[in-house]
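Data first, discussion second: the structure below is written as structure tokens.
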Amino acid sequence: MKLIIQIPCWNEEEQLPGTLRDLPREVPGFDVVEWLIIDDGSTDRTIEVARDEGVDHIVRLTNNKGLAAGFQAGLDACLKLGADVIVNTDADNQYSALDIPTLVEPIVAGRADMVVGDRETDSIEHFSPLKKRLQKLGSGVVRAASGTDVPDTTSGFRAYNREAALQIAVVSKYTYTLETIIQAGKLTVALTHVPIRTNAKTRESKLFPSMGAYVRRNAVAITRIYAQYEPLKVFSMMALATFVLSLIPFTRFLVAYLSGDGAGHVQSLIFGAVLFNAAVVLGALGILGDVLYSQRVIAQRTFEKIRRIELELKIPPSHYEPGAQPTGQGPTTGANAGQKTEDREAVRL
Ligand SMILES: Nc1nc2c(ncn2[C@@H]2O[C@H](COP(=O)(O)OP(=O)(O)O)[C@@H](O)[C@H]2O)c(=O)[nH]1
Ligand SMILES: [Mg+2]
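Reading the sequence shown from the start, the letters are residues 4 to 352 in this note's numbering.
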């Protein structure tokens with residue numbers, strides 16, 4: 004059994020050494036534990052630092068594509084590098100690496116396909132009350148949309164087995180945390196959560212420069228994801244609300260009409276008709292969204308099968324570079340497979 008621990012990185016030269024020093028090389032249930040970083044177009048020495056600290060694999064995106072794209076590229080590479088289980092953690096050492104065995108345990112025991120580390124956010128001191136409340140609200144919406152019971156939906160500390168990793172296909176640009184939970188709820192992925200410890204804050208968030216940005220981006224992400232995965236529910240609720248609103252001016256007109264003053268209330272009739280029309284359009288959008296959603300499910304299943312075929316064919320991961328390796332040993336997989344150490348040294352320089 005091979006475990007690969009992946010870390011998405013964007014300009015993390017300062018934090019990475021501390022994070023990597025805490026990572027385990029041995030985890031119960033695994034014969035091999037390897038480390039992989041996804042460098043998302045860093046302009047600092049992230050890659051060099053990672054190699055110096057003994058990272059085994061590097062996925063290097065040429066420019067900055069955002070966390071969700073980096074996460075997906077990492078997942079893909081880990082599968083192609085033969086991982087049976089993939090753990091994702093953050094470069095800022097937010098999550099305690101000591102809890103990696105706890106995180107993978109439900110997978111090793113065969114009780115789950117995906118495990119989310121629960122930070123028990125209520126107990127985190129450096130989270131403001133507003134952030135805690137938003138966390139709760141956002142997590143509630145995601146739980147409702149996914150039909151799961153994950154308490155900490157934005158946690159980046161997770162474990163996926165091969166089956167879960169093969170099925171997940173993140174399309175959001177900005178967040179993978181919410182979308183992967185919703186997908187797990189809808190796919191044949193058994194999802195569970197375990198409490199995990201966190202470390203003291205090492206730096207400000209790179210994802211959310213301010214509280215305003217945190218609120219805005221999460222609200223947009225949750226609304227979009229909910230509408231994408233539950234279009235019929237979202238649009239039919241909106242249609243119903245608009246229809247009920249349209250009844251107000253209609254009733255006003257009707258009352259006036261019955262009392263002989265219909266001509267004086269044509270505005271109400273027009274306004275009611277506009278609202279009624281809007282309700283019909285919203286209902287139609289729900290039906291269209293629902294049709295698109297079934298297409299999406301088919302596309303996801305096709306994608307999953309293609310991935311399985313790619314693995315059978317041993318197609319190398321893209322944007323792959325080997326990390327630090329014992330002298331004289333070339334990588335066995337990947338774009339640089341078979342390359343000699345000297346050549347790889349040249350790539351390093
Ligand atoms: N691939 C990629 N990773 C990023 C990007 N921005 C942040 N990250 C990584 O995502 C993880 C979480 O970022 P962080 O700034 O700690 O956000 P927090 O979750 O709000 O604390 C870290 O490992 C970052 O290096 C990005 O643009 N692309
Ligand atoms: Mg962080």
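Every residue, glycine too, gets a C-beta built ideally from N, C-alpha and C. On a predicted model such as this, the values are computed, not experimentally measured, just so you know.
In whole angstroms, what separates the C-alpha of residue i from that of residue j?
i: Asp346; j: Pro325; result: For Asp346, the predicted model reports a pLDDT of 41, less than 50, meaning its position is unreliable; a value from the coordinates is still stated below. Going by the C-alpha atoms only, they are around 11 angstroms apart.
i: Ser142; j: Ile184; result: 10 angstroms
i: Leu6; j: Leu248; result: 56 angstroms
i: Ile8; j: Ala187; result: 20 angstroms
i: Ile199; j: Arg161; result: 10 angstroms
i: Lys135; j: Pro27; result: 30 angstroms
i: Gln75; j: Gln170; result: 11 angstroms
i: Leu133; j: Tyr98; result: 21 angstroms
i: Ala242; j: Asp79; result: 40 angstroms
i: Glu16; j: Ala53; result: 8 angstroms
i: Pro154; j: Ile103; result: 18 angstroms
i: Arg48; j: Asp121; result: 31 angstroms
i: Val173; j: Gly215; result: 25 angstroms
i: Val300; j: Lys139; result: 29 angstroms
i: Tyr323; j: Leu84; result: 10 angstroms
i: Leu250; j: Leu235; result: 22 angstroms
i: Glu29; j: Leu106; result: 14 angstroms
i: Thr157; j: Ser45; result: 23 angstroms
i: Ala203; j: Ala230; result: 36 angstroms
i: Ala371; j: Leu137; result: Examination of residue 371 is not possible in this model, given that the chain is present from 4 through 352 alone.
i: Glu315; j: Ile309; result: 10 angstroms
i: Ala193; j: Asp152; result: 11 angstroms
i: Phe256; j: Ser208; result: 55 angstroms
i: Phe211; j: Ser262; result: 59 angstroms
i: His129; j: Glu123; result: 13 angstroms
i: Gly150; j: Leu190; result: 11 angstroms
i: Lys317; j: Ser297; result: 30 angstroms
i: Asp34; j: Glu182; result: 31 angstroms
i: Gly159; j: Ala244; result: 36 angstroms
i: Arg227; j: Ser131; result: 25 angstroms
i: Leu285; j: Met240; result: 9 angstroms
Going by the beta-carbon positions, is the gap between residue i and residue j smaller than 9 angstroms?
i: Ser175; j: Ala222; result: no
i: Gly267; j: Ala276; result: no
i: His60; j: Ile40; result: yes
i: Val118; j: Ile110; result: yes
i: Leu70; j: Asp42; result: no
i: Cys81; j: Ala168; result: yes
i: Gly77; j: Trp13; result: no
i: Glu313; j: Val197; result: no
i: Phe253; j: Phe279; result: yes
i: Pro11; j: Asp125; result: no
i: Met4; j: Asp87; result: yes
i: Thr205; j: Gly32; result: no
i: Arg146; j: Tyr177; result: no
i: Ile127; j: Thr201; result: yes
Note the first and the last residue of the continuous beta strand (DSSP E) segment covering residue i.
i: Ala162; result: 161 to 164
i: Glu29; result: Run containing Glu29: none; DSSP gives neither H nor E here.
i: Ile61; result: 60 to 64
i: Glu324; result: 323 to 325
i: Asp42; result: 35 to 43
i: Asn91; result: 88 to 91
Spell out the partners DSSP gives residue i in its beta bridges.
i: Trp13; result: Trp13 is not bridged to any residue.
i: Pro108; result: Per the sequence shown, residue 108 should be read as Glu rather than Pro. DSSP lists no partner for Glu108.
i: Leu194; result: Met117
i: Lys176; result: Note: Lys176 sits in no beta bridge, so no partner.
i: Ile8; result: Trp38, Val90
i: Tyr98; result: Thr201
Taking the alpha helix (DSSP H) that residue i belongs to, which residues open and close that run?
i: Gly286; result: 269 to 315
i: Tyr229; result: 214 to 232
i: Asn127; result: Checking the displayed sequence, the identity of residue 127 turns out to be Ile instead of Asn. Unbroken run through Ile127: none, as it is neither H nor E.
i: Val52; result: 49 to 55
i: Lys83; result: 70 to 83
Rounded to the nearest angstrom, how far is the Cβ of residue i from that of residue j, given a contact under 8 angstroms?
i: Tyr232; j: Ala148; result: 6 angstroms
i: Trp38; j: Leu23; result: 7 angstroms
i: Thr195; j: Arg114; result: 7 angstroms
i: Ala282; j: Phe246; result: 4 angstroms
i: Asp25; j: Asn91; result: No, Asp25 and Asn91 are not in contact; Cβ-Cβ is about 15 angstroms, not under 8 angstroms.
i: Asn67; j: Asp116; result: Asn67 to Asp116, Cβ: 31 angstroms. No contact.
i: Val58; j: Ala302; result: Between Ala302 and Val58 the Cβ distance is about 33 angstroms, and since that is not below 8 angstroms, they are no contact.
i: Pro320; j: Val62; result: 7 angstroms
Quick one: is the Cβ of residue i within less than 8 angstroms of any heavy atom of ligand 3?
i: Thr157; result: Ligand 3 is absent from the structure shown, which contains only ligand 1 and ligand 2.
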